[in-house]
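Since the structure comes first, as structure tokens, the remarks are kept for the end.
Number of protein chains: 2
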Amino acid sequence: MTGMQMPSGVHALVRRTHEERVMRALQENGAMSRGEIARVVGLSRTTLSEITGHLLQRGAIVVVDTDASRREGSGRPAERLALDPASAQFMGVDFGHRRVHVVVADAAHEIMVSGAVRYEDTATWGTRTALALELVDRLSGEAGVHYGALQGIGIGVPGPYPAPEGAAWPRATAGTTVLRPAPEGVDVAFAERFDAPVIVDNNTRLAALAEAISGADSVADLVYVRLSDGVGGGLVVGGQLVTGSSGLAGELGHVTVEPAGRPCRCGKRGCLETVASVPGILAACWEFGLRLENLDDLADAVRRAHPVVDRVLREAAGALGRVVGAATMMLNPAKVVIGGEITRLAPVLVEQVAATLAAEIFPTASAGPLVAAARLSDDDGAIGALAAVFHSSPLLARYPETADVKGRSDAPDSATEGAAHVRP
Amino acid sequence: MTGMQMPSGVHALVRRTHEERVMRALQENGAMSRGEIARVVGLSRTTLSEITGHLLQRGAIVVVDTDASRREGSGRPAERLALDPASAQFMGVDFGHRRVHVVVADAAHEIMVSGAVRYEDTATWGTRTALALELVDRLSGEAGVHYGALQGIGIGVPGPYPAPEGAAWPRATAGTTVLRPAPEGVDVAFAERFDAPVIVDNNTRLAALAEAISGADSVADLVYVRLSDGVGGGLVVGGQLVTGSSGLAGELGHVTVEPAGRPCRCGKRGCLETVASVPGILAACWEFGLRLENLDDLADAVRRAHPVVDRVLREAAGALGRVVGAATMMLNPAKVVIGGEITRLAPVLVEQVAATLAAEIFPTASAGPLVAAARLSDDDGAIGALAAVFHSSPLLARYPETADVKGRSDAPDSATEGAAHVRP
């Protein structure tokens, strides 16, 4: 807070608090009308107009367009406000097993650049990181954009993402903050390169967050499962991504569904992953004499309504439905989302999960959760990483105050000492 | 915030923020040494000493004792600080099926009065509420204490506690705030009577919160299950009690464990409750020819190491272990707590849950959650309700500002350090 010119008195404090809530709502949600902002931050239209008036005047926010194109019915179109798009950039990076995706968005949540580069699945983290940084440069050069006001970087990595034992969290690096340490220093490489805070998490969990907050019907409680080479999951509870006591939360794929089932790569037997992952589904088809090599073969068999495939998919979805049923009894989510390319190829999966889930929950529960296929594709992991950045409280955009914003310290404990030097 | 005498400038704002964090830590945790406070709120010892000096001088906090009696090893005993005990009271109320417990604690978390009164399980909520209010009056009269500065009331009620459809939340009543509407207006009755904010929740969930935060080794992520006439549960995730999208979270007792099992009162079959509740365990003993009528009979059979009882208890605990195993893979809790009187009578339950759980989680997870019997008994529900009040952010004690701090010359010397900076 050092370096801010703050008018004295309680009125200024209250206004500042209101302003921060408006700025945060715009950072989290992108462009919104005044009515939407008032609802989200819980201010009256009158108070809100005063606040947005100040912010518009200072250039902290701008009018980006009207909601005419999105509006249903008649009535005067409302202006949509957003953080000044040029005031900040946010980067999302998604490291998959064989490629990295990068997106950069402006403060109004518009994607400025986006791209991907492939690597071998044997590539080291050093190689992956170098390729990702080159990609960022190339995208910047091609589009003629600069990341001079990069506010935060979200990075998704594959696999469970536990905090290593004894790791300091958060750890500071290069004058900035890395919220959780990442494999082989990918976090430090990005933080140093862009001098911006970095968030790293498992990319399936980031996808869960993106599903929870994307669109107009965002939900605070969501169970997300992704079926691919493995079965990953992510939980959003009370609007927050659940990490667990040692970063291992969300492993729905390793809940036991068949105690005497196939061995799982995790060392257990009969995990959900052994029956509901793509390899698990293909293996079950083989057991019934139907040899399918890959997803394309499976899609073809689904189109031909092959009875073995239908049976295998329904059994896999039944097991998945029992696991998300247990999750639903525990967490009472508003929505259950099933992701992974296979759910697009085989809609029966989501149908059967919904049917099994309905049988697993309280008959008295008037309405169970909505069960739906993922909105974002597996290639949208970088959007999930971006969502995490937009939603992370330490990363609130530093918006223009009356004077400069230089020389501020982010270290909470030094704030007292520092503040003593800037009294007006 | 209006009406406060607030010195101008950033320094005061920062100090105020630090003070609020210290006050909140003391409200949530009761008496603590300066070292403990510094750790919890993340301030340096120097900054903290300045803050506690201000607060001691104003009388907002007091020195209650030293930690000599709790301290291991040698070294000078540290003073323990707390909110001024007389500055506030907090009430916990636990409505069971056949009795209501009430406790009132002061701001230092010391229990001032405590008592219970019984009713028939057919008693209406009107009767129960009237009996509870009479009990509060009687306790007050007997102990000669008054609730003149009651800051909040926590009320536990049995059974699932969903927010009724369409209910406004929070709803205002009698110039105060009821955070969630309760059965038959018990919330409104207490709020009107004491003019204090009321929190209502399922009493098993409140017990979960109390287990998570009680003692020196509080945890932020906890799975709680209580075995009694039914099987109830509560989840604490990231330090917050999980309610779910419609207030139904925590129903671990109705996760299906035997698809073809006994019918459950919820309308499903083979719920965990049908095998791990006390009636479920007694029924299973009957099926093996051992007729036990109640918990006393069961305790007796456990003492005699009856093989049927051992087998039934291990099977019940195995089913429970699989459910908390699934919960553990999803939520990665630091601790799993099993409550209910039966866990005290039959320690084998907790042992078997721990063994089954160990087999259900990642072999690679270096350490699974601690599995333990509940610290608080079923009769301690009012303590859970109290914990919810201490932890509820809207209920931060209104602590004395510059005005009402007269007659406080007994502040220890160490507290005067920062006094010169306090503006009158």
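Taken in order, these protein sequences are the chains called A and B. Sequence positions in the first sequence follow full-length UniProt numbering and run 1 to 424. Sequence positions in the second sequence follow full-length UniProt numbering and run 1 to 424. For glycine and all other residues, C-beta sits at the position ideal for the given N, C-alpha and C.
Anticipated Cβ contact below 8 Å, residue i with residue j, distance rounded
i: I338/B; j: V350/B; result: 5 Å
i: A299/B; j: L345/B; result: 4 Å
i: H391/B; j: L209/B; result: 7 Å
i: A326/B; j: V255/A; result: 5 Å
i: V102/B; j: V62/B; result: Contact flag wrong, Cβ pair sits at about 26 Å.
i: D94/B; j: G381/B; result: 3 Å
i: L81/B; j: L26/B; result: 7 Å
i: V157/B; j: V200/B; result: 6 Å
i: V302/A; j: C285/A; result: Not really, about 11 Å apart at Cβ, beyond 8 Å.
Contact set between residue i and chain A, taken where Cβ atoms lie within less than 7 Å
i: Q240/B; result: G238
For residue j and residue i, the rounded distance between their alpha carbons
i: D404/A; j: F90/A; result: Note that D404/A scores a pLDDT of 25, beneath 50, so its modelled location is shaky; the value from the coordinates is reported in the next line. The alpha-carbon atoms of D404/A and F90/A are separated by roughly 22 Å.
i: G250/A; j: T127/B; result: 45 Å
i: T47/B; j: L370/A; result: 50 Å
i: P181/B; j: N203/B; result: The pLDDT assigned to P181/B is 47, lower than 50, so where the model puts this residue is not dependable, and the model offers no usable value.
i: E293/A; j: H97/A; result: 20 Å
i: G238/B; j: P259/B; result: 32 Å
i: K268/B; j: L248/B; result: 16 Å
i: E401/A; j: R16/A; result: Note on E401/A: pLDDT 30, under 50, position unreliable in the model; the coordinate value appears next. Rounded to the nearest angstrom, the two C-alpha atoms are 10 Å apart.
i: A149/A; j: S377/A; result: 29 Å
i: V336/A; j: A373/A; result: 8 Å
i: G152/B; j: N29/B; result: 16 Å
i: A60/B; j: A108/B; result: 12 Å
i: residue 425/B; j: I155/B; result: Chain B is shown only over 1 to 424; residue 425/B falls outside these bounds and no answer can be derived.
i: S245/B; j: G230/A; result: 28 Å
i: E20/A; j: A191/A; result: 25 Å
i: G340/A; j: L295/A; result: 11 Å
i: L227/A; j: V353/A; result: 13 Å
i: V14/B; j: A38/B; result: 16 Å
i: E220/B; j: R138/B; result: It should be pointed out that residue 220/B corresponds to Ala in this sequence rather than to Glu. Computed Cα separation, rounded: 37 Å.
i: V223/A; j: L252/A; result: 10 Å
i: T173/A; j: Q240/A; result: The pLDDT assigned to T173/A is 33, lower than 50, so where the model puts this residue is not dependable; a value taken from the coordinates is nonetheless given after this. Approximately 25 Å between the Cα atoms of the pair.
i: R118/A; j: V100/A; result: 6 Å
i: H18/B; j: T122/B; result: 50 Å
i: R45/B; j: R58/B; result: 20 Å
i: E120/A; j: G233/B; result: 46 Å
i: R262/B; j: D297/B; result: 23 Å
i: V41/B; j: R193/A; result: 32 Å
i: A387/B; j: T129/B; result: 21 Å
Per-residue contacts from residue i into chain A (C-beta, under 9 Å)
i: M23/B; result: Going along chain A, no residue has its Cβ under 9 Å from M23/B, so there is no contact; the nearest lies around 16 Å.
i: P197/B; result: Within chain A, no residue comes near P197/B; the closest Cβ sits about 18 Å away, beyond 9 Å.
Counterpart residues of residue i in DSSP-defined beta bridges
i: H101/B; result: D94/B, A116/B
i: I199/A; result: G154/A
i: S33/B; result: R80/B
i: D65/A; result: R80/A
i: Y224/B; result: G234/B, V337/B
i: A260/A; result: None, per the DSSP bridge assignment.
i: A385/A; result: Partner(s): none; A385/A has no beta bridge.
i: L370/B; result: K335/B
i: L241/A; result: V236/A
i: D106/A; result: Q89/A
i: I111/A; result: A105/A
i: R58/A; result: Bridge partners of R58/A: none, in fact.
i: R269/A; result: P263/A
Closer than 8 Å at the beta carbon, the chain B residues around residue i
i: L292/A; result: Chain B residues near L292/A: none, gap ~29 Å exceeds 8 Å.
i: L252/A; result: M329, M330
i: P333/A; result: G244, S245
i: L206/A; result: The contacting residues do not exist; L206/A stays about 17 Å from chain B at best.
Closer than 9 Å at the beta carbon, the chain B residues around residue i
i: T256/A; result: R322, G325, A326, M329, A359, E360
i: A220/A; result: S245
i: L235/A; result: V237, M330, L331
Chain B contact residues for residue i, given Cβ-Cβ distances below 7 Å
i: L227/A; result: Chain B residues near L227/A: none, gap ~16 Å exceeds 7 Å.
i: A249/A; result: M330, L331, N332
Within the region 271-305 of chain B, ranges of the alpha helix (DSSP H) (whole runs, at least 4 residues): 272-276, 278-287, 295-303
Contained alpha helix (DSSP H) runs [length at least 4] in the region 326-367 of chain B, N- to C-terminal order: 341-345, 348-360
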